[in-house]
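Numbers in the working numbering are just positions in the sequence shown, counted from 1, shifted up by 311. Scroll down for the structure; my scribbles are underneath it.
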Amino acid sequence: MHARALSGRAASSRAAGAALAPLRPRASAAPAARAAAAPAGGGAPLPEALLFDCDGVIVDTEKDGHRVSFNEAFKLKGLDHDWGVELYGELLEIGGGKERMTKYFADCADREPFLSTADPAARSALVKDLHLLKTDLFMRLVETGAMPLRPGVARLVGEAIAAGVPVAVCSTSNERAVSTIVRVMLGEDVAKVMRVFAGDVVPKKKPDPAIYLLAAKELGVDPKRCVVVEDSRIGLRAAKSAGMTCVVTKSSYTGGEDFTGADRVVESLDAGGVTLAGLAELLAAAAATAAA
C-alpha cells in the first residue's frame with residue numbers, strides 16, 4: 312500500500328468519524344418528514360439531508376480508477392479495446408458503466424465482443440459480466456488507498472453527522488464499489504450511518520432525477536430541503552430536476568463543463584470554503600429565489 316495515501320486517508324476518516332459519538336442507527340423504514348433544524352448558533356435552518364455523488368466528488372476516481380479498471384477488464388477478456396483519457400471523457404456523457412460499454416461496443420459492432428454476439432439478451436449478459444469483472448478490479452484499486460479523498464469531503468460529512476443531518480451517496484456506479492469507497496475512504500463508523508443509493512436501484516440513470524428522489528423518499532425528507540454535491544453536468548441536471556439545491560465541485564474531467572443552473576460552483580469543498588452553515592444559507596437563498 313502507499314504509505315502517504317494511507318496516512319491521509321486515515322486522517323480524513325478520523326475527521327469524519329470524530330462526529331459519530333454516539334452513532335445513530337439507520338431507520339428500518341422512512342421516517343416522517345423532519346422539521347428543518349437551525350444551527351446551534353442561530354442562522355438559516357439546516358438542510359434536511361446532504362447527498363453526495365461518488366465518482367469525482369468523494370474521490371476523483373474516473374481517470375485513474377474506473378478508466379484503468381475498464382481497460383484491465385478488456386485486456387483480461389482478450390478484447391482489443393483501450394479507453395484513452397480523451398475518449399473516456401466523452402464516454403462520461405453516458406451515465407452508468409454498463410450503459411457506457413453498451414453504447415461504445417454498439418458503435419464499433421464490427422469488432423468483438425459484439426461482432427459475434429448479435430442477440431440483445433446475450434449482449435446484455437456479456438456487458439453485465441464484463442462490468443462485474445471491472446468492479447472487482449476497481450475495488451481492489453480502492454482498497455490500496457492510492458486514490459485520496461477530495462479536499463473537504465470528510466470535514467463536511469463530519470459536520471453534517473454531528474448536526475444530525477442525514478448523509479447519503481447517490482451514484483450511477485455499482486453499489487458494491489460505492490460502499491467500498493465509503494467504508495475505505497471515510498471509515499467504518501461513517502459507513503454505518505451514510506446511506507448508499509447506487510447502481511440499478513432505479514430504472515433510469517442520471518440525468519434522470521430518480522436516484523435523488525428515491526433517496527429523499529427513503530430518508531423521509533423534502534427534496535426541496537436537500538443539498539446535493541455533484542461534479543458533472545449530468546449530475547447537476549439530475550439534482551435540479553429533483554428540485555434540490557446543488558453545489559458543483561469541479562473534477563479532473565468536468566472542469567470545462569457548463570454548470571449553468573448550479574447554486575454554487577467551486578474547485579473543491581475546501582477551496583470554496585463550503586460548510587454546513589454555508590449550505591443552509593445557500594438553501595435559504597434558493598428558496599427565496601423560487602418564491603419570488
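Cβ coordinates follow ideal geometry from the N, Cα and C atoms, glycine included.
Residue burial is scored here from C-beta neighbours: L426 has fewer than 16 other C-beta atoms within 10 angstroms and is therefore classed as exposed. Per DSSP, R506 lies in no alpha helix (DSSP H); the unbroken beta strand (DSSP E) holding it starts and ends at 506-509. Annotation note: the region 558-582 contains the following uninterrupted beta strand (DSSP E) runs of length 3 or greater, listed N- to C-terminal: 575-577. Within the model, the alpha-carbon separation for A457 versus H442 is close to 21 Å. The alpha carbon of E383 has as its nearest neighbour, out of M450, A436, V468, L524, the alpha carbon of M450. Per DSSP, the beta bridge partners of F363 are V480, V540. The region 479-489 makes contact with the region 518-535; the number of CB pairs closer than 8 Å reaches 3 or more.
Classified as exposed, R422 has fewer than 16 neighbouring CB atoms from the shown chains inside 10 Å of its CB.
For L587, the enclosing alpha helix (DSSP H) starts and ends at 587-602. By the C-beta criterion, the region 570-583 is judged to be in contact with the region 544-562, since at least 3 inter-stretch pairs fall below 8 Å.
Closest in alpha carbon position to V504, among L390, S490, D511, is S490. As a beta-bridge residue in DSSP terms, T556 pairs with V538.
Where S435 is concerned, the enclosing alpha helix (DSSP H) starts and stops at 431-454. The beta carbon of R487 is closer than 7 Å to those of T446, M450 in its chain, skipping five residues each way along the sequence. In the same chain as S380, and ignoring 5 residues on each side of it, the C-beta atoms closer than 7 Å to its own belong to K445, L448, F449, L452, in chain order. Around the beta-carbon of T571, fewer than 16 other beta-carbon atoms lie within 10 Å, marking it exposed.
Annotation: the continuous alpha helix (DSSP H) that includes F385 extends over 378-387. The straight-line gap separating the alpha-carbon atoms of A597 and L590 is approximately 10 Å.
Burial check for D500: the Cβ neighbour count within 10 Å reaches 16 or more, so the residue is buried.
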